[in-house]
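Residue numbers (UniProt numbering): 1 to 268.
Worksheet for the structure shown next.
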């Protein structure tokens, strides 16, 4: 019972400190439920055109929303500093931004009963509340789950890395031989920055400096493209480098299927 009381107390206190508006919206939603939101999403070919123009892509999912509302996730402890940096990315997202945001389509557009039937409503409940209160439904978004499909590498990523100077930012096991060999078949060069598997935001300054130093020694720094899978720290890295004019693709778990004989579409 003590653990339950502590959990409830932490939920209330951190919810009120980090985002009271979303906290009260969430409490209300337990009574009245949530509704789907009509949102515009890029079609695959349109998304490719936008990315080919040089815009970066930053993914937001349930983990980021939990962190922004005062909850830890299993690989990252939350903090007000991290929350504020993630919120800045959302607040500054406009049609003129150097990046587009990518969010889970079903989490927003599906009916509640549909998500419950799939056993997904509990996962996306908070995200639906957060989106309704904190994100702009007039903007056009990319589908965050697009990169879970094996075909996306050929259709979207491969055209973007052609003759580019690639820097991969992820945990070590993601950057295996097959992964690197696949990229090297198309890219001009491939460099690596290894991130911690957990608590990567605590190493943010070091990661930023490592990436910056690699960019400085590239033969053609203007052709640099960052491929990122670094949890919440990766979102902040992508935002900062996009603002510096360096294109970034925050692929998340989508990086893990590059060069591999597997597909994550069953996780959607």
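By construction, the Cβ of each residue, glycine as well, lies at the ideal position given by its N, Cα and C atoms.
- Grab the span of the alpha helix (DSSP H) containing residue 112 for me, first residue to last. 112 to 117
- For residue 249, does the three-state DSSP call read helix, strand or coil? Here residue 249 sits in strand by DSSP.
- Below 8 Å between beta carbons: does that hold for residue 67 and residue 76? yes
- How about residue 9 and residue 132: are their beta carbons less than 8 Å apart? no
- Of the choices 252, 255, 222, whose alpha-carbon is the least far from that of residue 242? 222
- Query: Apart from the five residues just before and just after residue 26, which ones in its own chain have a Cβ nearer than 7 Å to its Cβ?
  - Reply: 126, 129
- Span of the alpha helix (DSSP H) holding residue 28? Unbroken alpha helix (DSSP H) run through residue 28: 20 to 32.
- Task: Assign residue 41 to one of three DSSP states: helix, strand, or coil.
- Result: strand
- Going along the chain, which unbroken runs of the alpha helix (DSSP H) with 4 or more residues stay wholly within the stretch 55 to 136? Those alpha helix (DSSP H) runs which fall completely within the stretch 55 to 136 and span 4+ residues are 62 to 68, 80 to 91, 105 to 109, 112 to 117, 121 to 134.
- Among 178, 79, 239, 225, which residue has its Cα nearest to the Cα of residue 189? 225
- Can you tell which of 51, 45, 44, 13 has its C-alpha closest to the C-alpha of residue 162? Closest by alpha carbon: 51.
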